[in-house]
Each structure stands twice: as structure tokens, then as C-alpha cells.
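Heads up, the sequence shown is in my numbering, so the first residue is 639 and it goes up one at a time. Every residue gets a Cβ at the ideal spot worked out from N, C-alpha and C, and that includes glycine.
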Amino acid sequence: MIPRYLPPVYSPIRLPALLRAASRTSTFAGKASRQAIAEALARRFGSHAVALTDSGTSALVLALRLAVGAGGTVAFPGYACIDLAAAARFAGVRVRLYDIDPETLSPDLESVARTLERGASAIVVAHLYGYPSDVPAVSDVASRYGTTVIEDAAQGAGGTLGGTSLGAFGPLSVLSFGRGKGTTGGGGGALMATSADWLERIAATAVKLQPHSHGFREIGGAAAQWLFGRPELYALPSAIPSLRLGDMVYHEAHEPAELSAGAAALVRSALGLDKAELSARRRNGAALLEAIDGSDVLPIRVIDGGTAGLLRFPVLSVNREPDSRLGVLRGYPLTLAEQVELRPSLCDEEGEQSGSLELRRSLFTLPTHSLLTVTDLSSLQAWLRAK
639 MIPRYLPPVY SPIRLPALLR AASRTSTFAG KASRQAIAEA LARRFGSHAV ALTDSGTSAL
699 VLALRLAVGA GGTVAFPGYA CIDLAAAARF AGVRVRLYDI DPETLSPDLE SVARTLERGA
759 SAIVVAHLYG YPSDVPAVSD VASRYGTTVI EDAAQGAGGT LGGTSLGAFG PLSVLSFGRG
819 KGTTGGGGGA LMATSADWLE RIAATAVKLQ PHSHGFREIG GAAAQWLFGR PELYALPSAI
879 PSLRLGDMVY HEAHEPAELS AGAAALVRSA LGLDKAELSA RRRNGAALLE AIDGSDVLPI
939 RVIDGGTAGL LRFPVLSVNR EPDSRLGVLR GYPLTLAEQV ELRPSLCDEE GEQSGSLELR
999 RSLFTLPTHS LLTVTDLSSL QAWLRAK
């Protein structure tokens, strides 16, 4: 009998959507799907223009090219997804790092000011696990230095700040439709202009993107996720070391390409499923929060005015151990300053960041998705309560 393993994250996919996507890989169908996605994003985020790409990393590469340019400098959070490093290297930009508040996952504004004072054409602000970062406050600081804000909402997952969707603050915003995100196409991303100032440049960039594929690879990946991403079968791919599921693996970026027709068809369908999944994540997140009794586990606090998308449920603890069968994993194993691949791009004066190091040492994340049963929730609550 296959043991029950909880996948750390889950993006809703339906079999009929997979079958439809397989029949909508033509150039004409892809154009129609991409147009429908652009219209949906405009309604949700107020975007003035959008470039739909083959990955979130590609979308960030485009943002860095537009806002920074090769040889320019960008400010990154000290604790973030390694894909930021891949995008920076491919875009040929230099990187400064600012610190993160470990209690909220939001930028440390004093660190942001110190970093921008040393010079940066743009600053990337990321929302980890659907927890809102204070983009408006960072924008206020950035305006003093003439720095463009790039909002990385790849993990925004339905979170809000002041009633506004994460990804709508910009003026440039990046989304990801990769596996495990709030909305998936088996791959893909988007660069949005939420400010009219960038409309023409984003529109011109979108026109230049070349087709990458018809999307059969993305459809195949999404089909594998649909089948093996359920707890009854997840133990099978988890047992294959080469897949490195749950690990943070560095992948080189490549020349950005257009969102494939197959992936676009999947994203178009998934946009109608994410609200129900968000509701399930929030219900489960509330149940997990209630289980924390003030022992050695501290929940991440949502900043004032925010609601979390809860792609994962993050907590801090120095005494716990991960449990792969429950989908309980450590956070990113390294800060960006510690990533070997990024070191050639770092500015020389980058120093230690205590908040980022604290997150590297003590951050754990728990699953929140709709595949959790009552028994699964009880097991996760027991992990939180354990002394």
C-alpha cells in the first residue's frame, strides 16, 4: 500500500481542462487564450499592458531589462526564491541586497533606505507564500531615490493589501503560472504594467516575444501534477531522488519566450478555480493558527491592512524538524547572499542581514491546500503543538 504523503503545495487542475488544452495548441487558439488571460488580468490587477511569458523567471528578466538594463543595479530581498538570482544573471545586472523582517516577511524599511542610498535603478519586492509585503511603504522610500519598484507577485496567491490584490501595486509586476502557484498552466508567467507610464514599453516587449513551443511539455507536467500531486500517490514521485521535490534547485534562465498555447489554455481555465482554492487555504490556515499555543512555534504575522494568500503556512521555530510525509518543510536553505550562483553579480559592499539569516535558520512551512483532510489537519496541528 502506498503511504499517504502530503504535497507541500497544490494548484487546482481539472481533467477536462487538460483535455481541452491538448486540443488548443494551435497558433490561433493560443492567441485567443492569451487575449482572454490579458483581459482577466486587467480586471483583477488593473494592468494597462501585459507580456505573457514562458515562465515567471522570464517575466522578471524582461522587467530587469526594462527598468535596470545590462550593467545596472537592482535591489533584491536578502531572503527570496533562487529564481531571482537566475533572472539577475541572465539580465546582466548587479545586485544589492536589503533585509527582511522575519516576523512579517515584509521588507525592513530602514535596510531598504540604506540599500537604495548606495544606488539602485530598481527594487524587487516579493510576497513570500502569499504574505503581503508593504509595497506602498517601499514605494515611498524608492521615490526619494528615483528607484523603480518591481513587484514580484509570483507567490501572491490571492493575498491583498488594503483590499487591493497583490500584484496590482507595481508599477511593474511579475506573476508566475508555474506548478504549485495559486494559478497554474504547468508553466508560464506575466509581466504587467500597472502604471500607464510603462504601457507602450510592455506592449512593445510583448509583440517581440517569440513562440517557445505548442505547450505539450507544460500540459504533460500539469497532467503529472494532476495525477501524482494527490496525497494518495505523492509518495511515488517523492521517492525519486532525481526529481528533488521540495528542494530549491537553481535553473539557468534563458531568452524569454511567449506563453505557449497549451499553457495559456490551462491558465485560462485555472483562473476560474483559484478563488475556491484560496478559500480552502484560508480555512486551513485559520485551523493551523488556532493550534499554536505560544510554545516554541511563532506564526508569521500579516502586516496591518493585509490578508494572506497562504500558499503555505509559515512559522518560526528553532527546535522543530521537517516532516516530509506531512508536507512540512524548511524554508529556503540559503539566503541570496549565500547562493554561489549569485555571488559574481553581488555588489562588493553587501553585508550581513540578520532578518534573512533568521529566516534561513528557523523558517518552516506547512501545507494549506484543499487536498488536506480533517485527519491531515489534525496531524499538522499536532506537529505545531509538539513540545
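Beta-bridge partners of M830 (DSSP): V688, S811. Going by beta carbons, A689 and R906 fall outside the 7 Å limit.
Within the model, the alpha-carbon separation for T832 versus A1020 is close to 43 Å. The beta-bridge partner set that DSSP reports for T1003 consists of P952, L967. Of the residues assessed, E896 falls on the buried side of the cut-off, its CB having 16 or more other CB atoms within 10 angstroms. If the five residues before and after L722 are omitted, its C-beta is found closer than 6 Å to the C-beta atoms of F714, all from its own chain and listed in chain order. Here E856 has G823, G824, G825, G826, S898, G900, A901, L904 as same chain residues with Cβ atoms under 8 Å from its own Cβ, once five neighbours each way along the sequence are excluded. Here DSSP, grouped into helix, strand and coil, assigns R672 to helix.
For E896, the secondary structure class from DSSP, reduced to helix, strand or coil, is strand. The C-beta distance from P1005 to G965 rounds to 4 Å, short enough to meet the 8 Å contact threshold. For E789, the three-state secondary structure derived from DSSP is strand.
By the criterion of a C-beta distance shorter than 7 Å, L837 is surrounded in its chain by H686, A687, A831, once the five residues flanking it on both sides are discounted. Taking every protein chain shown into account, the CB of F666 has fewer than 16 other CB atoms within 10 angstroms, so this residue is exposed. Under the three-state reduction of DSSP, S803 is assigned to strand. G709 and R703 have their alpha carbons spaced roughly 10 Å apart. S803 and G797 have their C-alpha atoms roughly 6 Å apart.
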